[in-house]
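To start, the structure under review is shown below, and the notes come after it.
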Amino acid sequence: MLFDDLIVLLPRVLAAALVGYLLGGIPFAYLVARLKGVDIFATGSRRAGTANVFWHVGRYRGMMVFACDVLKGAAAVYVAWMLGSYELLGLVAGAAAIAGHWKSIFTGFKGGDGMVVLVGVSLAYLNWFILIGIVVGIVFVLLFRRSPFRSSIGIFLGYGVMLALNQVISHRGLDVMLGLTALALVVITHNILTHADHRPETAPSVIDPDLLIEDTRDVLNEAAGLSEDAILRQVIPQDDEEGGPQRTTRQGD
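Heads up, the final residue of the sequence shown is numbered 580 in my numbering, and it's a clean run with no missing numbers.
Here you go:
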(Lines of atoms letter the chains of each structure in order from A and count residues from 1; the text may use other names and numbers.)
(Lines give C-alpha, C1' and ligand atoms only; values in the text may rest on other atoms or scores of the structure.)
Protein backbone atom coordinates (compact mmCIF):
# COMPACT_ATOMS: atom_id res chain seq x y z
CA MET A 1 0.00 0.00 0.00
CA LEU A 2 2.80 2.39 0.88
CA PHE A 3 4.59 1.63 -2.40
CA ASP A 4 1.38 2.29 -4.35
CA ASP A 5 0.98 5.62 -2.56
CA LEU A 6 4.53 6.59 -3.49
CA ILE A 7 3.93 5.72 -7.14
CA VAL A 8 0.83 7.92 -7.15
CA LEU A 9 2.57 10.75 -5.30
CA LEU A 10 5.82 10.78 -7.31
CA PRO A 11 4.42 12.54 -10.43
CA ARG A 12 2.91 15.21 -8.19
CA VAL A 13 6.21 15.73 -6.38
CA LEU A 14 8.07 16.07 -9.68
CA ALA A 15 5.44 18.46 -11.05
CA ALA A 16 5.55 20.55 -7.86
CA ALA A 17 9.34 20.69 -8.01
CA LEU A 18 9.34 21.72 -11.69
CA VAL A 19 6.70 24.43 -11.22
CA GLY A 20 8.44 25.68 -8.09
CA TYR A 21 11.79 25.90 -9.84
CA LEU A 22 10.38 27.80 -12.82
CA LEU A 23 8.48 30.23 -10.59
CA GLY A 24 11.51 30.76 -8.36
CA GLY A 25 13.70 31.34 -11.39
CA ILE A 26 11.74 34.38 -12.60
CA PRO A 27 14.48 37.05 -12.26
CA PHE A 28 12.49 39.99 -10.94
CA ALA A 29 15.58 41.72 -9.54
CA TYR A 30 17.37 41.43 -12.89
CA LEU A 31 14.34 42.66 -14.84
CA VAL A 32 13.59 45.60 -12.53
CA ALA A 33 17.24 46.71 -12.57
CA ARG A 34 17.35 46.41 -16.38
CA LEU A 35 14.42 48.79 -16.66
CA LYS A 36 16.71 51.42 -15.17
CA GLY A 37 19.63 50.39 -17.37
CA VAL A 38 21.53 48.60 -14.59
CA ASP A 39 23.07 45.14 -14.84
CA ILE A 40 22.41 43.74 -11.38
CA PHE A 41 25.08 41.05 -11.88
CA ALA A 42 27.72 43.78 -12.26
CA THR A 43 26.49 45.97 -9.40
CA GLY A 44 27.04 45.86 -5.65
CA SER A 45 27.13 42.26 -4.42
CA ARG A 46 26.48 41.10 -8.00
CA ARG A 47 23.49 39.06 -6.83
CA ALA A 48 19.94 39.35 -8.11
CA GLY A 49 18.18 40.04 -4.85
CA THR A 50 16.09 42.58 -3.03
CA ALA A 51 18.95 44.06 -0.99
CA ASN A 52 21.19 44.64 -4.01
CA VAL A 53 18.39 46.37 -5.92
CA PHE A 54 17.34 48.37 -2.85
CA TRP A 55 20.83 49.77 -2.15
CA HIS A 56 22.26 50.11 -5.66
CA VAL A 57 19.28 50.67 -7.97
CA GLY A 58 16.57 52.37 -5.92
CA ARG A 59 14.49 52.02 -2.76
CA TYR A 60 11.17 51.88 -4.59
CA ARG A 61 12.44 49.30 -7.06
CA GLY A 62 13.88 47.28 -4.20
CA MET A 63 10.46 47.12 -2.53
CA MET A 64 8.96 46.03 -5.84
CA VAL A 65 11.43 43.17 -6.05
CA PHE A 66 10.72 42.23 -2.41
CA ALA A 67 6.98 41.96 -3.11
CA CYS A 68 7.49 39.98 -6.32
CA ASP A 69 9.93 37.52 -4.72
CA VAL A 70 7.54 36.96 -1.78
CA LEU A 71 4.71 36.31 -4.23
CA LYS A 72 6.67 33.79 -6.29
CA GLY A 73 7.61 31.84 -3.17
CA ALA A 74 4.01 31.74 -1.96
CA ALA A 75 2.71 30.96 -5.47
CA ALA A 76 4.97 27.91 -5.71
CA VAL A 77 3.40 26.49 -2.52
CA TYR A 78 -0.18 27.23 -3.63
CA VAL A 79 0.37 25.60 -7.02
CA ALA A 80 1.74 22.51 -5.27
CA TRP A 81 -1.36 22.33 -3.10
CA MET A 82 -3.48 22.41 -6.25
CA LEU A 83 -1.71 19.20 -7.31
CA GLY A 84 -2.65 17.41 -4.09
CA SER A 85 -3.79 18.05 -0.54
CA TYR A 86 -0.38 17.43 1.00
CA GLU A 87 1.12 20.19 3.12
CA LEU A 88 4.60 18.75 2.72
CA LEU A 89 4.20 18.91 -1.06
CA GLY A 90 4.28 22.68 -0.63
CA LEU A 91 7.69 22.38 1.05
CA VAL A 92 8.99 20.52 -2.00
CA ALA A 93 7.77 23.30 -4.28
CA GLY A 94 9.14 25.93 -1.88
CA ALA A 95 12.59 24.32 -1.83
CA ALA A 96 12.54 24.14 -5.63
CA ALA A 97 11.55 27.83 -5.82
CA ILE A 98 14.53 28.77 -3.66
CA ALA A 99 16.81 26.65 -5.85
CA GLY A 100 15.38 28.36 -8.93
CA HIS A 101 16.13 31.75 -7.38
CA TRP A 102 19.71 30.66 -6.66
CA LYS A 103 20.34 29.25 -10.13
CA SER A 104 17.82 30.72 -12.52
CA ILE A 105 17.59 29.05 -15.91
CA PHE A 106 16.58 32.45 -17.32
CA THR A 107 19.83 34.23 -16.35
CA GLY A 108 22.48 31.63 -17.07
CA PHE A 109 22.07 29.96 -13.66
CA LYS A 110 22.83 33.09 -11.66
CA GLY A 111 20.58 34.53 -8.98
CA GLY A 112 20.21 35.79 -5.43
CA ASP A 113 20.33 34.39 -1.90
CA GLY A 114 16.69 33.22 -1.76
CA MET A 115 15.82 34.66 1.63
CA VAL A 116 12.84 36.69 0.46
CA VAL A 117 11.55 33.68 -1.47
CA LEU A 118 11.81 31.71 1.79
CA VAL A 119 9.65 34.36 3.46
CA GLY A 120 7.05 33.90 0.72
CA VAL A 121 7.08 30.12 1.18
CA SER A 122 6.58 30.57 4.93
CA LEU A 123 3.74 33.07 4.52
CA ALA A 124 1.82 30.51 2.46
CA TYR A 125 1.48 28.48 5.68
CA LEU A 126 -0.08 31.52 7.28
CA ASN A 127 -0.37 31.46 11.06
CA TRP A 128 0.32 33.97 13.77
CA PHE A 129 3.66 32.67 15.06
CA ILE A 130 5.11 32.61 11.53
CA LEU A 131 4.11 36.27 11.21
CA ILE A 132 5.78 37.06 14.54
CA GLY A 133 8.95 35.25 13.44
CA ILE A 134 9.09 37.20 10.18
CA VAL A 135 8.65 40.50 12.03
CA VAL A 136 11.43 39.53 14.45
CA GLY A 137 13.67 38.65 11.50
CA ILE A 138 13.05 41.99 9.79
CA VAL A 139 13.80 43.87 13.02
CA PHE A 140 17.17 42.14 13.38
CA VAL A 141 18.01 42.70 9.71
CA LEU A 142 17.54 46.42 10.34
CA LEU A 143 19.53 46.31 13.59
CA PHE A 144 22.45 44.58 11.86
CA ARG A 145 22.05 46.45 8.57
CA ARG A 146 25.78 47.29 8.45
CA SER A 147 26.76 43.63 8.65
CA PRO A 148 27.20 41.66 5.40
CA PHE A 149 25.40 38.78 7.15
CA ARG A 150 22.40 40.83 8.32
CA SER A 151 19.96 38.65 6.35
CA SER A 152 21.41 35.43 7.77
CA ILE A 153 21.14 36.82 11.31
CA GLY A 154 17.53 37.89 10.75
CA ILE A 155 16.53 34.55 9.23
CA PHE A 156 18.25 32.55 11.98
CA LEU A 157 16.63 34.46 14.83
CA GLY A 158 13.25 34.79 13.13
CA TYR A 159 12.89 31.09 12.42
CA GLY A 160 14.22 30.28 15.87
CA VAL A 161 11.35 32.31 17.31
CA MET A 162 8.86 30.53 15.02
CA LEU A 163 10.01 27.10 16.11
CA ALA A 164 10.05 28.05 19.80
CA LEU A 165 6.52 29.49 19.69
CA ASN A 166 5.27 26.43 17.85
CA GLN A 167 6.72 24.17 20.53
CA VAL A 168 5.63 26.20 23.56
CA ILE A 169 2.16 27.32 22.48
CA SER A 170 0.99 25.18 19.58
CA HIS A 171 2.17 21.66 18.79
CA ARG A 172 0.18 21.53 15.56
CA GLY A 173 1.99 21.47 12.27
CA LEU A 174 5.34 20.59 13.80
CA ASP A 175 6.41 18.69 10.66
CA VAL A 176 5.81 21.80 8.54
CA MET A 177 7.60 24.04 11.03
CA LEU A 178 10.59 21.70 11.11
CA GLY A 179 10.60 21.65 7.31
CA LEU A 180 10.58 25.45 7.12
CA THR A 181 13.35 25.67 9.72
CA ALA A 182 15.45 23.16 7.75
CA LEU A 183 14.93 25.27 4.61
CA ALA A 184 15.99 28.37 6.56
CA LEU A 185 19.22 26.67 7.68
CA VAL A 186 19.98 25.64 4.10
CA VAL A 187 19.40 29.21 2.88
CA ILE A 188 21.62 30.63 5.65
CA THR A 189 24.42 28.18 4.79
CA HIS A 190 24.15 29.07 1.11
CA ASN A 191 24.25 32.78 1.93
CA ILE A 192 27.38 32.44 4.07
CA LEU A 193 29.17 30.33 1.45
CA THR A 194 28.28 32.61 -1.45
CA HIS A 195 29.42 35.69 0.47
CA ALA A 196 32.94 34.23 0.23
CA ASP A 197 32.58 34.46 -3.55
CA HIS A 198 32.06 38.22 -3.36
CA ARG A 199 35.20 39.24 -1.51
CA PRO A 200 37.28 41.94 -3.24
CA GLU A 201 39.95 39.47 -4.33
CA THR A 202 37.38 37.51 -6.33
CA ALA A 203 36.01 40.55 -8.18
CA PRO A 204 36.51 40.62 -11.95
CA SER A 205 40.01 41.79 -12.85
CA VAL A 206 39.04 44.70 -15.08
CA ILE A 207 41.12 47.31 -13.24
CA ASP A 208 44.00 48.89 -15.11
CA PRO A 209 47.14 47.11 -13.81
CA ASP A 210 49.04 50.40 -14.00
CA LEU A 211 46.85 51.65 -11.15
CA LEU A 212 47.70 48.77 -8.86
CA ILE A 213 50.77 50.00 -6.97
CA GLU A 214 51.41 47.65 -4.08
CA ASP A 215 54.25 49.74 -2.61
CA THR A 216 52.38 53.05 -2.67
CA ARG A 217 53.39 53.90 0.90
CA ASP A 218 57.10 53.36 0.18
CA VAL A 219 56.88 55.49 -2.95
CA LEU A 220 55.20 58.34 -1.07
CA ASN A 221 57.72 58.22 1.78
CA GLU A 222 60.62 58.35 -0.66
CA ALA A 223 59.05 61.23 -2.60
CA ALA A 224 58.51 63.21 0.61
CA GLY A 225 62.25 63.28 1.24
CA LEU A 226 63.17 64.61 -2.20
CA SER A 227 63.38 68.20 -3.34
CA GLU A 228 61.54 69.46 -6.39
CA ASP A 229 64.73 69.39 -8.46
CA ALA A 230 65.49 65.83 -7.35
CA ILE A 231 62.02 64.68 -8.33
CA LEU A 232 62.37 66.31 -11.75
CA ARG A 233 65.72 64.58 -12.26
CA GLN A 234 64.04 61.26 -11.48
CA VAL A 235 61.25 61.89 -14.00
CA ILE A 236 62.99 63.87 -16.78
CA PRO A 237 66.30 62.42 -18.01
CA GLN A 238 69.09 64.97 -18.10
CA ASP A 239 70.80 65.72 -21.40
CA ASP A 240 74.47 64.96 -21.86
CA GLU A 241 76.99 67.49 -23.15
CA GLU A 242 75.99 66.79 -26.74
CA GLY A 243 72.34 67.57 -26.08
CA GLY A 244 71.12 63.95 -26.12
CA PRO A 245 69.84 61.92 -23.22
CA GLN A 246 72.44 60.43 -20.93
CA ARG A 247 73.15 56.79 -21.44
CA THR A 248 73.75 54.44 -18.60
CA THR A 249 76.47 51.91 -19.08
CA ARG A 250 76.80 48.54 -17.47
CA GLN A 251 79.95 47.38 -15.86
CA GLY A 252 82.15 45.62 -18.33
CA ASP A 253 80.84 47.54 -21.37
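Quick reminder that beta carbons are idealized off the backbone N, C-alpha and C, glycines included. Computed from a predicted model, the values in this text were never measured in an experiment.
{"Asked": "Indicate whether the contact test is met: 3 or more Cβ pairs, each with one atom in the region 478-485 and one in the region 388-396, closer than 8 Å.", "Found": "no"}
{"Asked": "Can V404 and A420 be called in contact, C-beta distance under 7 Å?", "Found": "yes"}
{"Asked": "Suppose you measure from the CA of Y452 to the CA of Y486; what does that come to, to the nearest Å?", "Found": "14 Å"}
{"Asked": "Which residues does DSSP list as the beta-bridge partners of S431?", "Found": "K437"}
{"Asked": "For V514, which residues of its own chain have a beta-carbon under 8 Å away from its beta-carbon, when the five flanking residues on both sides are left out?", "Found": "I425, D440, G441, M442, L445, I482"}
{"Asked": "Leaving out five residues on either side along the sequence, give the residues of the same chain with a beta carbon under 6 Å from the beta carbon of G506.", "Found": "L418"}
{"Asked": "If I follow the unbroken alpha helix (DSSP H) through G500, where does it start and stop?", "Found": "Counting along the chain, G500 falls outside any alpha helix (DSSP H), and DSSP gives it neither H nor E."}
{"Asked": "By the three-class DSSP mapping on this structure, what secondary structure does F476 have?", "Found": "coil"}
{"Asked": "Mind the definition here: the region 446-466 touches the region 372-380 only if three or more C-beta pairs lie below 8 Å; say whether that holds.", "Found": "no"}
{"Asked": "Which residue's Cα is closest to the Cα of V340: A407, Y387, V448, Q494?", "Found": "A407"}
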